[in-house]
Amino acid sequence: MIFDRIKQLVRHPKKRSNKEIAISCEPLERRVALLDEGLLEEFAIERGSQKEIAQNIYKGRVNNIDQGLKALFVDIGIGKNAFLHFWDAIPAALDAGIELFERKGTKSKARPLRAEDIPNIYPPGSEVVVQVTKGPIGTKGPRVTTNITLAGRYLVLMPYNEQFGISRKIEDPKERARLRKILNELRIPEGMGVIIRTVGEGQKTRYFVRDLAILLQKWNAIEQKMRECPAPVLLYREPDLIERTVRDFLTDDVEKIYIDDENEMKRIKDLVAQISKRSQKKIIYYNEPIPLFEKLNIERQIDTAFMRKVELPSGGYIIIDETEALVAIDVNTGKAKVGKDQDNMILKTNIEAAAEISRQLRLRNIGGLVVIDFIDMKSRRDQHLVFEKLKECVRKDRAKINLLPISSFGLVEMTRQRVQESIWHSLYVPCPHCHGRGMVKSPETMSIEIQRAINRVIRLHPEVKELRVILNSFVLDRLKSEDEELLVDLERRMQGKLYFRTDPRINYEEFKIVNALTGEDIT
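Here the sequence shown stands for residues 85 to 607, numbered as in this note's numbering.
Okay, structure coming up:
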């Protein structure tokens with residue numbers, strides 16, 4: 085039996101993973117890309133000008149309490165007050181993705197805190213230790229919680245929450261039983277809790293012991309600063325992008341890590357040495373003339389991934405529109421051949437879309453409410469298949485996701501944890517011509533508006549006989565080619581002269597009318 089099993093394993097070797105991490109370091113930004121079989125699966129960017137504060141821990145001071153919003157406004161020293169909801173100021177239950185585990189000897193606590201207790205515990209002027217769960221977005225200040233967590237390589241330490249859990253993404257019952265045993269044996273200080281992360285699957289006990297020691301050391305440093313420094317003060321800064329990459333992305337199935345900066349390469353090796361010295365061999369210093377992201381075909385994938393329209397293999401496509409309230413995603417058949425086998429083609433396109441949508445959510449770091457409009461499917465079985473495919477694909481996501489089944493209108497509603505602005509907002513700014521609308525007025529519309537403005541100036545300033553119109557060159561082309569007679573008629577009525585001048589600095593929808601003799605703006 086044993087020899088048969090060995091032969092079977094030899095005949096059918098386990099498929100090797102082909103995951104790679106590429107890290108590009110430049111003076112103004114750092115970028116990290118996770119590739120699976122050459123396909124871009126995760127993308128992160130960090131710029132010196134955009135200081136992220138998500139997961140930072142602060143000692144703040146309560147400025148005021150709003151009973152209507154059931155929230156505290158806390159000064160954490162960043163200019164904008166942080167928003168602390170009453171529910172975020174009481175010990176929280178573990179996330180649905182974590183299985184709660186009762187450790188032996190855990191003592192039951194007194195009456196748990198309730199939301200109505202919070203104003204008495206944290207009156208205005210009092211100090212409170214908080215962690216940022218969502219960075220400032222637009223005009224809104226950061227959102228914070230008193231449920232502090234410190235993420236390590238294999239564990240998450242909860243200093244103020246005596247709960248214990250194991251990630252539900254670890255599905256093997258035997259492995260879960262082994263991890264429960266390890267969790268029982270860890271020497272965790274009273275009043276603290278621990279969660280075993282997905283990456284802890286299959287790891288030896290000594291790795292958990294070492295990870296816990298590092299986390300407790302960090303917490304001791306935070307407590308010391310908490311005692312010594314008055315509020316508001318930063319107690320702990322979340323590691324930078326490179327350190328987070330080592331912590332969160334460097335799993336056993338990653339074959340290589342490329343980095344184009346020698347100093348950062350040495351730092352990564354030092355960080356990896358704390359986890360596994362054997363993994364240091366995976367780190368490769370890239371020093372070739374062609375830029376790293378270009379060599380691995382990442383630049384092109386980034387450019388196509390962030391377009392509004394994303395093509396699918398079958399010829400269909402998806403349209404992604406980010407609005408203030410939600411993200412709308414529309415699935416279309418496009419060039420997909422829809423003939424007699426229409427239902428199967430629609431099903432195939434929708435399944436491809438489900439996989440691509442889950443990837444796009446991660447790549448763009450889209451958060452908040454997402455509404456997906458799949459192509460209409462008559463069969464309930466097909467709808468179920470598409471929904472299950474979407475559920476399967478979003479399991480790869482490290483952000484918390486809530487997913488509702490396909491509605492009677494063919495829509496899927498979901499929420500994805502929003503921690504910071506999406507990468508789209510980091511890379512792009514609203515167009516100065518269309519102001520973010522995505523469209524500009526037609527040349528005909530601009531011609532009509534300019535003629536209307538000239539008529540208004542003629543009526544208000546009959547003494548002015550010479551006008552100069554400063555406008556965009558594209559609009560002037562329309563005026564010269566199609567509306568010349570109308571302009572001649574305007575000159576006849578004002579008994580004067582019209583001059584037109586283009587200005588490369590003026591936007592498409594802008595124009596200016598000035599007194600040609602004095603230069604006074606009389607628009």
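For each residue, glycine too, the CB sits at the ideal point set by N, CA and C.
- Going by beta carbons, Leu469 and Leu487 fall outside the 8 Å limit.
- Within the DSSP secondary-structure output, Glu211 pairs in a beta bridge with Arg145.
- Here the alpha carbon of Ser108 sits roughly 22 Å from the alpha carbon of Ile450.
- In the DSSP assignment, Phe458 forms no beta bridge with any residue.
- Around the CB of Lys419, fewer than 16 other CB atoms lie within 10 Å, so the residue is classed as exposed.
- Counted as a single uninterrupted DSSP element, the stretch harbouring Val548 is not any alpha helix (DSSP H), since DSSP gives it neither H nor E.
- Per DSSP, Ile368 lies in no alpha helix (DSSP H); the unbroken beta strand (DSSP E) holding it starts and ends at Ile367 to Tyr369.
- In the three-state DSSP reduction, Glu533 falls in the helix class (H, G or I).
- Taking every protein chain shown into account, the CB of Leu544 has fewer than 16 other CB atoms within 10 angstroms, so this residue is exposed.
- If you draw a straight line from the Cα of Asn434 to the Cα of Ala483, it is about 23 Å long.
- Taking all protein chains in view, the Cβ of Gln247 is crowded by 16 or more other Cβ atoms within 10 Å, so the residue is classified as buried.
- Nearest to Ile456 by alpha-carbon distance, out of Gln467, Ser463 and Lys462, is Gln467.
- Restricting attention to Arg264, Gly236 and Gly399, the CA atom closest to the CA of Gly249 is found in Arg264.
- With contacts defined as CB atoms closer than 8 Å, Met498 and Val454 qualify as a contacting pair.
- In its chain, beyond the 5 residues on either side, Asp466 have a beta carbon closer than 6 Å to the beta carbon of Leu431.
- With a cutoff of 8 Å on beta-carbon distance, Lys366 and Glu408 are scored as not near each other.
- Beta bridge pairing from DSSP links Gly452 with Arg500.
- Here the segment 127-142 makes contact with the segment 303-321; the two share three or more CB pairs at distances below 8 Å.
- A straight-line Cα-Cα distance of about 50 Å links Asp605 and Pro316.
- Per the C-alpha coordinates, the member of Lys253, Pro243, Ile352 and Phe493 positioned closest to Glu274 is Pro243.
- Shortest Cα-Cα distance from Gly400 to any of Gln535, Ala437 and Leu380 involves Ala437.
- Thr230 is positioned such that its CB atom lies no closer than 8 Å to that of Leu241.
- Counting C-beta atoms within 10 angstroms of its own C-beta, Asn347 has fewer than 16 neighbours from the protein chains shown and is therefore classed as exposed.
- A Cβ-Cβ distance of about 7 Å is found for the pair Val214 and Ile160, placing them in contact under the 8 Å criterion.
- Taking a cut-off of 8 Å for Cβ pairs, the segment 327-344 and the segment 366-384 touch, as three or more such pairs fall below it.
- With contacts defined by Cβ atoms closer than 8 Å, Ser526 and Val478 do not form a contacting pair.
- Per DSSP, reduced to three states, the secondary structure at Ala412 is strand.
- Here the C-alpha atom of Thr217 lies approximately 6 Å from the C-alpha atom of Arg227.
- Contact between the segment 251-265 and the segment 282-289 is present: three or more C-beta pairs spanning the two stretches fall below 8 Å.
- Judged by DSSP in its simplified three-state form, Arg198 adopts coil rather than helix or strand.
- Under DSSP, the beta-bridge partners assigned to Thr229 are Gln215.
- Thr329 sits buried, since 16 or more C-beta atoms from the chains shown fall within 10 Å of its C-beta.
- Within the same chain, Phe595 come within 6 Å of Leu555 by CB-CB distance, once the 5 residues on both sides are set aside.
- For Leu334, no beta strand (DSSP E) run applies, since DSSP gives it neither H nor E.
- Measuring C-alpha to C-alpha distances from Leu239 to each of Gly219, Val278 and Leu270 identifies Val278 as the nearest.
- In this structure, DSSP gives Val513 a state outside helix and strand, which the three-state scheme calls coil.
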